[in-house]
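There are 2 protein chains.
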Amino acid sequence: MTKTISLVISEAALEKIPVNIIDHPSVTNHARKLGKRPSEILLDRSYHHAAMLSSKLEFAWKRGRPDLVHFALIEALSTPLFFNNLLQVYVSTISNQVVYIGENLRIPKSYPRFEGLMIDLFKKYHIREGKNATLLKLQNNVSLDSLINDTIKPLKVIGFSRTGVQSTPENIISTHISKDSCQCAFIIGGFPSGHFTENTKRLCDYFYSIGNYSLEAHVVIARILYECEKVLSVK
Amino acid sequence: MTKTISLVISEAALEKIPVNIIDHPSVTNHARKLGKRPSEILLDRSYHHAAMLSSKLEFAWKRGRPDLVHFALIEALSTPLFFNNLLQVYVSTISNQVVYIGENLRIPKSYPRFEGLMIDLFKKYHIREGKNATLLKLQNNVSLDSLINDTIKPLKVIGFSRTGVQSTPENIISTHISKDSCQCAFIIGGFPSGHFTENTKRLCDYFYSIGNYSLEAHVVIARILYECEKVLSVK
Numbered sequence: 004m005t006k007t008i009s010l011v012i013s014e015a016a017l018e019k020i021p022v023n024i025i026d027h028p029s030v031t032n033h034a035r036k037l038g039k040r041p042s043e044i045l046l047d048r049s050y051h052h053a054a055m056l057s058s059k060l061e062f063a064w065k066r067g068r069p070d071l072v073h074f075a076l077i078e079a080l081s082t083p084l085f086f087n088n089l090l091q092v093y094v095s096t097i098s099n100q101v102v103y104i105g106e107n108l109r110i111p112k113s114y115p116r117f118e119g120l121m122i123d124l125f126k127k128y129h130i131r132e133g134k135n136a137t138l139l140k141l142q143n144n145v146s147l148d149s150l151i152n153d154t155i156k157p158l159k160v161i162g163f164s165r166t167g168v169q170s171t172p173e174n175i176i177s178t179h180i181s182k183d184s185c186q187c188a189f190i191i192g193g194f195p196s197g198h199f200t201e202n203t204k205r206l207c208d209y210f211y212s213i214g215n216y217s218l219e220a221h222v223v224i225a226r227i228l229y230e231c232e233k234v235l236s237v238k
Numbered sequence: 004m005t006k007t008i009s010l011v012i013s014e015a016a017l018e019k020i021p022v023n024i025i026d027h028p029s030v031t032n033h034a035r036k037l038g039k040r041p042s043e044i045l046l047d048r049s050y051h052h053a054a055m056l057s058s059k060l061e062f063a064w065k066r067g068r069p070d071l072v073h074f075a076l077i078e079a080l081s082t083p084l085f086f087n088n089l090l091q092v093y094v095s096t097i098s099n100q101v102v103y104i105g106e107n108l109r110i111p112k113s114y115p116r117f118e119g120l121m122i123d124l125f126k127k128y129h130i131r132e133g134k135n136a137t138l139l140k141l142q143n144n145v146s147l148d149s150l151i152n153d154t155i156k157p158l159k160v161i162g163f164s165r166t167g168v169q170s171t172p173e174n175i176i177s178t179h180i181s182k183d184s185c186q187c188a189f190i191i192g193g194f195p196s197g198h199f200t201e202n203t204k205r206l207c208d209y210f211y212s213i214g215n216y217s218l219e220a221h222v223v224i225a226r227i228l229y230e231c232e233k234v235l236s237v238k
């Protein structure tokens with residue numbers, strides 16, 4: 004079986020400090036503590052809330068949550084589906100950057116180490132293990148549309164959102180995934196609040212909500228991938 | 004329905020700096036960065052590896068991973084089962100301390116905030132919301148045995164470990180949980196490597212392994228609780 008299921012953590016709240024808040028004290032202080040230049044560090048609402056407010060950053064409510072992206076990645080990369088090379092994972096950020104996750108990546112569980120790795124990636128664009136294997140790659144100016152239609156080219160695109168059609172992970176996966184056909188791309192939001200843009204919605208062939216609560220991305224990922232493993236008999 | 008399912012994150016790698024490494028440079032430097040006294044901060048292998056090695060800390064391979072406890076808690080506390088007050092969560096640490104999780108706790112997703120909350124808990128032993136509601140409580144000298152037999156008093160204790168009987172979350176939950184009877188305590192290890200002590204194993208009525216891989220605690224938690232929600236029709 005080839006690696007055919009794709010997970011795209013979309014409109015993800017992972018980015019470097021935007022240039023217009025680079026001089027804000029909350030940013031310069033935080034950079035100093037990390038021993039980095041302000042231009043290198045990740046936008047993080049935990050530290051840069053004041054800067055984000057005062058600069059009236061566009062779509063501020065969806066931005067600056069690298070911790071959510073960390074959880075979503077940890078969840079996906081801890082599954083037997085990923086260990087068996089049946090899952091390809093991408094992060095498509097709110098500023099149209101794409102992070103490609105290599106199959107050998109052991110994502111750091113410690114947040115400061117993850118943060119350090121992302122800072123390194125945003126600087127070097129390519130993190131290798133030894134001479135050949137790619138652990139992480141970053142590209143600028145790749146829209147979600149292009150990632151899906153030019154790179155992943157799945158048979159079906161399935162989005163998850165509170166505004167989708169009510170269903171269950173079990174029903175969704177048994178409807179769309181089988182051992183003979185599992186070339187699906189799952190689109191899951193990597194932001195703290197708000198909804199997908201109309202553009203993201205338009206890219207989805209199906210759009211589902213699972214359960215009555217607004218679930219965290221990592222919970223949706225855990226449930227969907229677990230149901231995929233059942234259908235594909237991954238152990 | 005009363006809150007009848009219990010999850011105990013056991014032998015958890017969450018503790019304050021042990022007194023015999025309090026003067027080690029890796030500890031004092033880290034405490035300074037956090038703006039805390041060395042005696043107040045959490046043991047964390049990411050920072051205190053050298054101190055843990057040089058002091059020959061007992062069971063060092065199982066200790067100093069508050070990040071794993073953070074993930075396990077985030078996973079459990081993000082489920083509709085918890086939102087519906089059907090799940091009680093406990094952390095039973097490797098040094099016989101117990102953290103009781105209140106039903107209104109919104110656990111910080113940002114690791115530095117979680118770390119700050121835990122440091123506060125280890126200092127004050129009780130974190131309240133307003134005047135009454137308990138968010139977190141800490142007790143010293145409570146063994147896992149006493150937590151289970153004197154506090155939780157479940158009908159069944161079900162442990163999860165690589166060395167258990169091979170099964171699936173679906174089979175385990177449909178065997179042991181029903182709408183009429185769900186007073187189970189699940190025991191899941193909150194440590195990075197190694198196995199449960201003989202004492203923990205003895206407390207389990209059933210002992211299962213799910214899948215062929217050594218799964219992270221948060222993955223086991225996600226799958227078990229999701230299957231509980233199915234059996235209990237929680238949405």
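If you read the sequences in order, they're chains A and B. Note that the first sequence covers residues 4 to 238 in our numbering. Note that the second sequence covers residues 4 to 238 in our numbering. Think of the CB as a built atom: it goes at the ideal place given N, C-alpha and C, for glycine as much as any other residue.
Local Cβ density within 10 Å of residue i, reported as buried at 16 or more and exposed below that
{"i": "A:Gln91", "result": "buried"}
{"i": "A:Phe117", "result": "buried"}
{"i": "A:Ser164", "result": "buried"}
{"i": "A:His221", "result": "buried"}
{"i": "B:Asp70", "result": "buried"}
{"i": "B:Ser42", "result": "exposed"}
{"i": "A:Tyr114", "result": "buried"}
{"i": "A:Asp1", "result": "For chain A, the structure presents residues 4 to 238; residue 1 of chain A sits outside this window and is missing."}
{"i": "B:Lys238", "result": "exposed"}
{"i": "B:His129", "result": "exposed"}
{"i": "A:Val11", "result": "buried"}
{"i": "A:Arg68", "result": "buried"}
{"i": "B:Gly162", "result": "buried"}
{"i": "A:Thr96", "result": "buried"}
Partner residues on chain B for residue i, Cβ-Cβ distance less than 8 Å
{"i": "A:Ser81", "result": "Leu218, Glu219, His221, Val222"}
{"i": "A:Arg226", "result": "Ala225, Tyr229"}
{"i": "A:Phe86", "result": "Tyr216"}
Residue i to residue j span [Cα, whole Å]
{"i": "A:Ile25", "j": "B:Ile227", "result": "44 Å"}
{"i": "B:Thr5", "j": "B:Lys134", "result": "Residue confidence for B:Thr5 is low, a pLDDT of 49 falling below 50, so the modelled location carries little weight and cannot support an answer."}
{"i": "B:Met55", "j": "A:Ile77", "result": "26 Å"}
{"i": "B:Ala53", "j": "B:His27", "result": "9 Å"}
{"i": "B:Tyr211", "j": "B:Pro172", "result": "9 Å"}
{"i": "A:Ser196", "j": "A:Ala16", "result": "10 Å"}
{"i": "B:Glu18", "j": "A:Glu201", "result": "47 Å"}
{"i": "A:Ser57", "j": "B:Ile110", "result": "27 Å"}
{"i": "B:Cys3", "j": "B:Thr7", "result": "Nothing about residue 3 of chain B can be reported from this structure: the residues present for chain B run from 4 to 238 only."}
{"i": "A:Tyr216", "j": "B:Val101", "result": "30 Å"}
{"i": "B:Thr48", "j": "A:Arg205", "result": "Checking the sequence shown, residue 48 of chain B turns out to be Arg, not Thr. Cα-Cα distance, rounded: 45 Å."}
{"i": "B:Asp183", "j": "B:Lys233", "result": "14 Å"}
{"i": "B:Glu106", "j": "A:Leu138", "result": "40 Å"}
{"i": "B:Glu14", "j": "B:Lys65", "result": "8 Å"}
{"i": "B:Leu218", "j": "A:Ala79", "result": "12 Å"}
{"i": "A:Glu132", "j": "B:Phe125", "result": "39 Å"}
{"i": "B:Val160", "j": "B:Gly167", "result": "13 Å"}
{"i": "A:Ser98", "j": "A:Val145", "result": "9 Å"}
Chain-ordered neighbours of residue i on chain B, where CB pairs are closer than 7 Å
{"i": "A:Leu71", "result": "Lys112"}
{"i": "A:Pro115", "result": "Ser49"}
{"i": "A:Ile77", "result": "Phe74"}
Interface partners of residue i on chain B, CB under 9 Å
{"i": "A:Pro28", "result": "Near A:Pro28 there are no residues of chain B at all, since even the closest Cβ is about 17 Å away, more than 9 Å."}
Residue i at chain B interface by Cβ criterion, 8 Å
{"i": "A:Ala136", "result": "no"}
{"i": "A:Asn247", "result": "With chain A covering 4 to 238 only, the question about residue 247 of chain A has no answer from this structure."}
{"i": "A:Arg66", "result": "no"}
{"i": "A:Tyr2", "result": "The requested residue 2 of chain A does not occur in the structure, where chain A is confined to residues 4 to 238."}
{"i": "A:Phe74", "result": "yes"}
{"i": "A:Gly162", "result": "no"}
Closer than 8 Å to chain A by CB, residue i
{"i": "B:Met4", "result": "Bear in mind that the predicted position of B:Met4 carries a pLDDT of just 40, short of 50, making it too unreliable to give a figure here."}
{"i": "B:Ile12", "result": "no"}
{"i": "B:Lys238", "result": "yes"}
Where the beta strand (DSSP E) through residue i begins and ends
{"i": "B:Lys127", "result": "Careful: B:Lys127 lies outside any beta strand (DSSP E), inside the alpha helix (DSSP H) at 114-127."}
{"i": "B:Glu14", "result": "8-15"}
{"i": "B:Glu213", "result": "In the sequence as presented, Glu is not what sits at residue 213 of chain B; that position holds Ile. Segment 209-213, the beta strand (DSSP E) holding B:Ile213."}
{"i": "A:Ser164", "result": "159-170"}
N-terminal and C-terminal residue of the alpha helix (DSSP H) that residue i is part of
{"i": "B:Tyr103", "result": "Segment 101-104 is the beta strand (DSSP E) holding B:Tyr103; no alpha helix (DSSP H) there."}
{"i": "B:Leu80", "result": "69-80"}
{"i": "B:Cys231", "result": "220-234"}
{"i": "B:Leu46", "result": "Looking at the DSSP string, B:Leu46 is not in any alpha helix (DSSP H), and its letter there is neither H nor E."}
{"i": "B:Ile191", "result": "No alpha helix (DSSP H) contains B:Ile191, which is instead part of the beta strand (DSSP E) from 187-192."}
{"i": "B:Val22", "result": "Looking at the DSSP string, B:Val22 is not in any alpha helix (DSSP H), and its letter there is neither H nor E."}
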